[in-house]
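Trainee: Protein chains in written order, with my numbering: chain A, 32 to 376; chain B, 28 to 535; chain C, -9 to 292; chain D, 48 to 359. Pasting a structure here, questions to come.
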Amino acid sequence: MIAAKNQPSWLRSLLCYETLLLAVLVIEWLIFYHYGTSTNRRGHLVGFGTLDRQFDILRHSCEIGLLALALTPVILTAGIDLSVGSLLGLCAIVFGKLWHDGGLSIPVAAALTLVVGAMGGGLNAGLITALRLPPLIVTLGTYSLFRGLAEAITQGAVTYTDFPSGFLFLGQERWNGLPMQAWLFLLMTVLVWILVHRTTWGRSFRVIGFSPEGARYAGLPVERRVSIVYILAGIIAALAALIYTARLGQAKADAGTGYELFAITAVVLGGTSIFGGRGSVTGTLLGVAAIAVLKNGLACLPVVIRLNAAEEISGLLTGALLLVALTGNAIPTFLKYLRAHRPAR
Amino acid sequence: MLSGPPTPPPLLTLRRAAKNFGGVRALRGVDFDLQAGEVHALLGENGAGKSTLIKIITGAHQPDAGEIIVAGRSLTGLTPSLAQQLGIACIYQQPALFPDLTVAENIGLRLEPAGSMRRINWSLRRQRAQELLTRVGADLSPEAEVRTLSMPEQQLVEIACAVGAGARIVVMDEPTASLTSREQDRLFTVVRELRSSGVGIIYISHRLDEIFALADRVTVLRDGESVGTHAVRAITHAGLIKLMVGREVDQLYPPTEFTGGEIVLELRDVDCAASGVNHVNLAVRAGEIFGLAGLVGAGRTELARVLFGLTPADRGEILIQGRPIAPRSPAAAVALGLAYVPEDRRRHGVVLELPIDQNITMAIHPRLFPNAWLKLGAEQKLALDFIRDLAVKCAGPQALGGSLSGGNQQKVSLARWLATQPKILILDEPTQGVDVGAKSEIHRIIRQLAKAGLAVIMISSDLPEILGMSDRIGVMRGGKLTAILPGQSDAHAVMAAALGQESEKGAA
Amino acid sequence: AKLMIAMMPKSKGNAYFISCKHGADRAAKELGFELLFDGPTDSNAAKQNEIVENWITLGVDVITVAAENKQGISTALRKAQKQGIKVITFDADALPDARSFFVNQATPQGIASGLMDEAARLCGAEGEFAIISATLTAGNQREWLKYIDERLAEKYPKMKLVAVRPCDDLKDKAQSEATALMSANPRLKLLMAICSPGVPGAAEAVKQAGKTGQVKVIGLGLPSENRRYVHEGVTDSVMLWKTEDLGYLTIYAAAAVARDELKPGATSFKAGSLGTFEIKGDNILLGQPFIFNRSNIDQFDF
Amino acid sequence: MNRYFREISVTVALGLVLLVMAACAPSFYQAQPLLSLITREAPTLVVMCGMALIIISRQIDISVGSQFSVCSIGAGLLAARGWPLVAVLPAAMMMGAGLGAFNGWLIAGLRLPSIVVTLATMVMLRQGLNLLQQGAFVNLPDNVQWFGLSQTTGQWTLVGTALSLLLGCGFFMRHVAAGRWVYAVGTDAEAARLAGIRPQWVTFLVFVFVGALTGLAATMNLVQSPQIQPLVGSGLELKVIAAVVVGGVAISGGRGNVWGAFAGLLLLACVSPALTHLHVEAYWEKAIQGMIILLAVVADGLRQRGLKGGHG
Ligand SMILES: Nc1ncnc2c1ncn2[C@@H]1O[C@H](COP(=O)(O)OP(=O)(O)OP(=O)(O)O)[C@@H](O)[C@H]1O
Ligand SMILES: Nc1ncnc2c1ncn2[C@@H]1O[C@H](COP(=O)(O)OP(=O)(O)OP(=O)(O)O)[C@@H](O)[C@H]1O
Ligand SMILES: [Mg+2]
Ligand SMILES: [Mg+2]
């Protein structure tokens, strides 16, 4: 995006947005490693540089990471899904209810939860494709609807807890060195990456993002492809719900409140254009990482902890980072615009 | 100073205007002038820089170098609104209208004076719009939303705007590209009226006969440079073409070699209420070029859309090689061997943000990538072949569709559908906005495809093209196929059928 | 070095906890400790976890927590304990093995029956009333509602709870809800708000509806936010323990635990200027909730 | 073929709700509670007018809720310091306009996508306010409430202000050139440029305008009670966006009007009190809100589909 046309291709790929973001991430990481790791007053080595902490960051960012992953293809098709956070909540409740009240075994309940996620995504998909409604409005409606159903099912009151330890393993333990959910997240990342970057489906998401009409005239099955991205988003949201439930050991109707905004922030920070067509899964991954590292790294700085406002400061900085990234990403197009519309004299 | 003939000072002068887009040098130091009361034609191949030149004149683009002098004033930093104040009006190649607003409001927004806090008089607006529409011969309601209009109808609204602006300089970038001869005649009358009232008109067209019919002087552009300005009276057809292309071009249509083949496509009583297609019966044979003529809004594009599954038929039968089919989506139609090169190439034909190679392979994903797995090498190779075969002028297969000129976009759009190796090819205005060189190239390709056994349906508003290329000519009116004429019909018979004056014996 | 005590409310913007903080600040000053006070801006179990992690990083000496959710926070607290950090809870307890003491301001039963009894007293133990809660899903609210229901069934059969409406901790929404509740239930005798923004919201609604005295308002809230309405006679009484004392006591207990002065098995505990408190098991009891009304509200400035 | 189908269908839906209420719970229609309800929605209505403009110009602003909070607290602090209301009001509007100008500069000046810019400023404003105010209420002096008038006069003043603003916006958007420019820019910014309109200025000014309106709305909310909470206005953005789109303003710009948005706002604002009157349990409320949003757009979608067939 930044490179001009006549540069060699290796240089162009080096200067792409993802590389810059990676650089930011590495710098961020090094700074926090340096200033955020210490032997604390109790004599323990603590902070950002400890392996435990790194794993915690990983564990805490998996759900939002999954939602960001789910949103990447959606945003590539120039759509949006505001309902993923609510769907996460609904799925968590459904899972809890199936297991607790329905007496189903964990795997069956989990499988059914994924089906419910797919159905939630399918509702979005149906309204968006069959009736040609704008995704923003449809998912604004289902944002309320899904959360409302979760509250209605539990009457707002029930919290499902006491899941068996075999299930909690999914969210709280390590397997082969990494937290269990990190493996799942990795697997999903690879799958979505392949889908988006290596298959004709991913290609058609982009075409639809740039020009839905053009895609239809080219004989691409637009409705089916668009449906797929929303259904996939629903399934991934359901998976995130399982992980969330396992991590916290409880399923409650307010699970995942506000997650959609974090996920969208991560996707956009990752360089995916909100207007569709442009973007990459790698970027999303880096975006999620950049936000998670910023948030957790800040919280490791003794200065920030003593200010008693880690959350506020990280919120402020995330917003600022987003604006800076956007501005940076927009500079080339802006310059191009200037060149086209102003005399060079 | 040179002492020329004693002409009054020109309305507009351009001196050494230059414009680059990134690496593309669209204009390199062009001189141009326009006198009051003349029609000055601009001619050149696709991508020669005509549209860029006029965008500089209207302030839509700022030149990188050079000078614009309007009425003796040298201008820097010309903007669209300043240009309007100076009396420059323009009909762009791509209608620059507001699709969500009504025709009346579109005209109002262009023509009413500036002033942000001004009251809007809606009835005056409507009345004025109605007058202008009548004047340019457009049978449109001022209350219609522009998005519901077809391309040619939108073009008419643009013309109405330009006429209404009372401008001293009117620029028309291929205004007739999608007009049929009746609107064209109407437009010519308007242009002549304007000229006689002292307006200077810059007129761009790829149709040479229009230039000879209308223009006083002609400036030819080649590769962003002016290769000379001539009085139309003093130059010949062939001379002009040579100036444009730099070589002689055979302007004759390649001869038909159609001798008859099996029926590939058959329509029986096809109806589509949503798009107004009404009881169409038709049979097209392998190797045949079936031309579809008609006036604006006659429903030819609509028929193509029905065939291609964009607006599925609700009654009747469509058969391909005798088998009944019911395409309900373009995807289904493509699988059945249909291909449709749409008329609005910027919206439907190419995806402007994607590179040429991806544009070309877009319709053949299932065949080129059978496991849904992308193979970029194969894609690139295929694209290079088409770029070579169709002589697409571009920086390479990775160049974005949007960086191409209109004609080259058309070739990419055509390439996409040739790549599907269809049985039936529907071409909607295949040479609209395409220069003579490329046009004869496309005609040759169409002929070749027919010879290879394709059934071709060619929709065109360019009557000579229909007459020259078609083996049979279908004429549509009001969504009905009203007549099918033999290929060697004369223009009168076709026009009569299109206008509905045709009698039964005409068809026999 | 100075001892460092960290205190976490359920949500730090909440006036209730801000008032706790005042007491805690006072205690920390008296004892010469450094006090950290941080929490989520909205009640959120996951964020509480993260903040505990931060404090482990810093290596504070004691962590005191008002747990949003028992299970949610306990893992992190156990981790802190493993690192030698002492943990006590206040306001809302975690699992017993994740902390050494719980500073118990009042049991949920105590709060619920206190509110219910006060409501019954004001209504003459009969008639309709409605409740405004924080959010539908907040854990403590659910618990209080449960005990209110129990108390109602047990002691006040002639009273009828007509509706429970959440206000999302927004005062303005509480006001709208209260307005609608009053017009939908013309025989409504009392509005009970069980979250602190709800009380002034309900009071404002009653005042604007001109039903002062006709519809009574009670709730859990701070004197400072309700003083005006209590004086105007809109709000009849606000129930709350002395929140400053809660903060003060918590910090004293934390300090004592840190210095190993307070050990399991103790039965009483002396907290600075407040005097001695009873310990029941591992619960340090603050005492009964306090009811503020027109006669005494001016004596309190939190 | 009716251009105003959505506006009409929303109004019909609103009418249905009101009819149901008349049949099932006539207690809904009592003058004082209704006036109270309308007064509470008056600031929302003001913000909604701004949001309608923004969406018509093909942008979106999800930071209005945070702007509202900042203006409320800012104005509250000024009032608490003894500023008279005549000074507080313009100050709040200036504050809002400033915040809007910042958004507008990023969106129109630097050409950044509005949904992301305002997402960032939403988070930043909210967190900044948390940082400074730590959630504490601001107590207001007595003379602020109802502008120092009586309650009924104050309520009517607020309702009157909001309604005249609605009328003004409606008139402006239909009959004043600048209003039509907003439509033109929302329909096609490039075409607007070629027609001599400066789309970037229009966009910028629309954001400034909505900021100023948010400041006005914050003040209108401020005078309604003796204290103000920093959380005030959270969730406001979703409420007004939902009202505007349910009321038929196209999210893709260029279509719709404030009247439809007004009907949408009334419809959504009615749901909660209506459920209370019908004695429906509170935990159904969000689900029903969601259903209403979906039904309103589905009705329109079905109609469009019926009209256009397979057209795209
Ligand atoms: N916005 C743009 N960005 C990049 N390149 C451009 C742009 N507009 C035009 N060009 C390039 O400038 C050259 C001149 O284009 P222009 O549209 O002026 O040609 P034209 O003579 O009007 O052709 P046609 O007859 O096909 O309309 C072409 O090579 C085109 O690709
Ligand atoms: N999207 C649309 N919705 C409703 N009506 C439409 C739409 N597009 C076109 N029409 C109408 O359908 C009729 C036929 O369309 P169109 O003008 O494309 O036919 P055509 O014969 O292909 O003309 P041409 O090829 O000269 O453009 C016209 O009356 C037009 O107004
Ligand atoms: Mg051109
Ligand atoms: Mg056509």
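Where is the CB? At the ideal position from N, CA and C, for every residue including glycine.
Can you list the residues of chain D that C/N296 reaches, using a CB-CB cut of under 7 Å?
Mentor: With chain C covering -9 to 292 only, the question about residue 296 of chain C has no answer from this structure.
Trainee: By the three-class DSSP mapping on this structure, what secondary structure does A/W232 have?
Mentor: Here A/W232 sits in helix by DSSP.
Trainee: Touching or not, the segment 90 to 106 of chain C and the segment 129 to 147 of chain C, by the rule of three or more beta carbon pairs under 8 Å?
Mentor: As far as the Cβ criterion goes, the segment 90 to 106 of chain C touches the segment 129 to 147 of chain C, which means the pair count is three or higher.
Trainee: Would you report the Cα separation of D/A69 and C/V207, rounded to the nearest angstrom?
Mentor: Cα to Cα, the separation comes out at about 29 Å.
Trainee: Identify every run of the alpha helix (DSSP H) within the segment 479 to 521 of chain B, keeping only runs that are complete inside it and at least 4 residues long; order them along the chain.
Mentor: Counting whole runs of 4 or more residues, the segment 479 to 521 of chain B contains the alpha helix (DSSP H) stretches 490 to 496.
Trainee: What first and last residue would you give for the alpha helix (DSSP H) that runs through C/K72?
Mentor: Start and end: K60 to K72.
Trainee: Hey, how far is the Cα of D/M48 from the Cα of B/A300?
Mentor: Only weak support is given to the placement of D/M48: the predicted model assigns it a pLDDT of 44, under 50, and the question is left unresolved by the model.
Trainee: Determine the extent of the beta strand (DSSP E) in which A/F200 is found, giving its start and end residues.
Mentor: No beta strand (DSSP E) holds A/F200; the alpha helix (DSSP H) holding it covers S196 to Q203.
Trainee: Under 9 Å Cβ-Cβ, which residues of chain B neighbour D/W228?
Mentor: Within 9 Å Cβ-Cβ: L136 and S143.
Trainee: Using only the alpha-carbon positions, how far apart do B/V254 and B/V51 sit?
Mentor: Computed Cα separation, rounded: 19 Å.
Trainee: Using C-beta distances below 8 Å, list every residue in its chain close to A/L135, excluding the 5 sequence neighbours before and after it, in chain order.
Mentor: Hits under 8 Å: L129 and L143.
Trainee: In the DSSP assignment, find the unbroken alpha helix (DSSP H) run with D/V287 in it and report its ends.
Mentor: L283 to V293 is the span of the alpha helix (DSSP H), which, as asked, contains D/V287.
Trainee: Measure from the C-beta of D/R352 to each C-beta in chain A and report whether the shortest distance is under 8 Å.
Mentor: D/R352 counts as touching chain A.
Trainee: How far does the alpha helix (DSSP H) with B/T328 in it reach, from first residue to last?
Mentor: Run containing B/T328: R327 to L334, per the alpha helix (DSSP H) assignment.
Trainee: What do you reckon, are the CB atoms on D/Q114 and D/L172 nearer than 8 Å?
Mentor: Yes, these two residues count as a Cβ contact at 8 Å.
Trainee: Is the segment 237 to 253 of chain A close to the segment 106 to 115 of chain A, with three or more CB pairs under 8 Å?
Mentor: At 8 Å Cβ cutoff, the stretches touch.
Trainee: Pick helix, strand or coil for D/G357, following the three-state DSSP scheme.
Mentor: Residue placement at D/G357 is poorly supported in this model, since its pLDDT is 37, which falls under 50; the coordinates are not used for a value here.
Trainee: In whole angstroms, what separates the C-alpha of B/G423 from that of B/V272?
Mentor: Roughly 22 Å between the two C-alpha positions.
Trainee: Take every Cβ of the segment 437 to 449 of chain B, pair it with every Cβ of the segment 463 to 472 of chain B, and state whether three or more of those distances are shorter than 8 Å.
Mentor: Flag = yes, the segment 437 to 449 of chain B and the segment 463 to 472 of chain B touch.
Trainee: Let me see if you follow: with CB-CB separation under 8 Å, is B/R152 close to chain D or not?
Mentor: Chain D, which has no Cβ nearer than 8 Å to the Cβ of B/R152, makes this no.
Trainee: CB A/A321 to CB A/V55, shorter than 8 Å?
Mentor: Yes, the pair counts as a contact, with Cβ atoms nearer than the cut-off.
Trainee: Applying a beta-carbon distance threshold of less than 8 Å, which residues of chain B neighbour D/R53?
Mentor: Residues of chain B passing the Cβ test: none, with the nearest at roughly 14 Å.
Trainee: Does the segment 50 to 66 of chain B come close enough to the segment 225 to 243 of chain B that 3 or more CB-CB pairs lie under 8 Å?
Mentor: Yes: at least three Cβ pairs fall under 8 Å.
Trainee: Taking 8 Å as the CB-CB cut-off, is D/L341 touching chain A?
Mentor: It does; some Cβ of chain A falls within 8 Å.
Trainee: Using only CA atoms, which one of C/A36, C/I46, C/C157 and C/L26 lies nearest to A/G67?
Mentor: Here the closest residue by C-alpha is C/I46.
Trainee: Mapping DSSP to helix, strand and coil, what is B/I345?
Mentor: In this structure, B/I345 counts as strand in the three-state DSSP scheme.
Trainee: Pull up the CB-CB distance for B/H88 and B/T246, whole angstroms please, since I reckon it's below 8 Å.
Mentor: With 8 Å as the limit, B/H88 and B/T246 do not qualify as a contact, their Cβ atoms being about 18 Å apart.
Trainee: With DSSP as the reference, please indicate the residues paired to B/R146 in a beta bridge.
Mentor: Looking at the DSSP assignment, B/R146 forms a beta bridge with D/V223.
Trainee: Between which residues of its own chain and B/D296 is the CB-CB distance below 8 Å, once the five residues before and five after are set aside?
Mentor: Around B/D296: H306, V307, N308, R342, G343 and E344.
Trainee: If you measure from the beta carbon of B/P126 to each beta carbon in chain D, is any gap under 8 Å?
Mentor: B/P126 counts as touching chain D.
Trainee: Is the distance from the Cβ of D/L100 to the Cβ of D/F251 below 8 Å?
Mentor: No; because the gap between Cβ atoms is not below 8 Å, this pair is not in contact.
Trainee: Using Cβ-Cβ distances below 7 Å, what residues of the segment 48 to 82 of chain A are close to chain C?
Mentor: If the cut-off is 7 Å between Cβ atoms, the segment 48 to 82 of chain A has N71, R72, R73, H75, V77 and G78 near chain C.
Trainee: At least one CB of chain C closer than 8 Å to the CB of D/R87: is that the case?
Mentor: Chain C contact via Cβ: present.
Trainee: For chain B, check one thing: does any of its Cβ atoms lie closer than 8 Å to the Cβ of A/R232?
Mentor: The sequence given here has Trp at residue 232 of chain A, not Arg. Yes, A/W232 lies at the interface with chain B (some Cβ there is under 8 Å from its Cβ).
Trainee: If you follow the alpha helix (DSSP H) that D/G311 is in, where does it begin and where does it stop?
Mentor: Start and end: V305 to H324.
Trainee: My understanding is that D/G123 touches D/V185, with C-beta atoms under 8 Å, so please give their C-beta distance in whole angstroms.
Mentor: Right, the Cβ-Cβ distance comes to about 4 Å (below 8 Å), so this counts as a contact.
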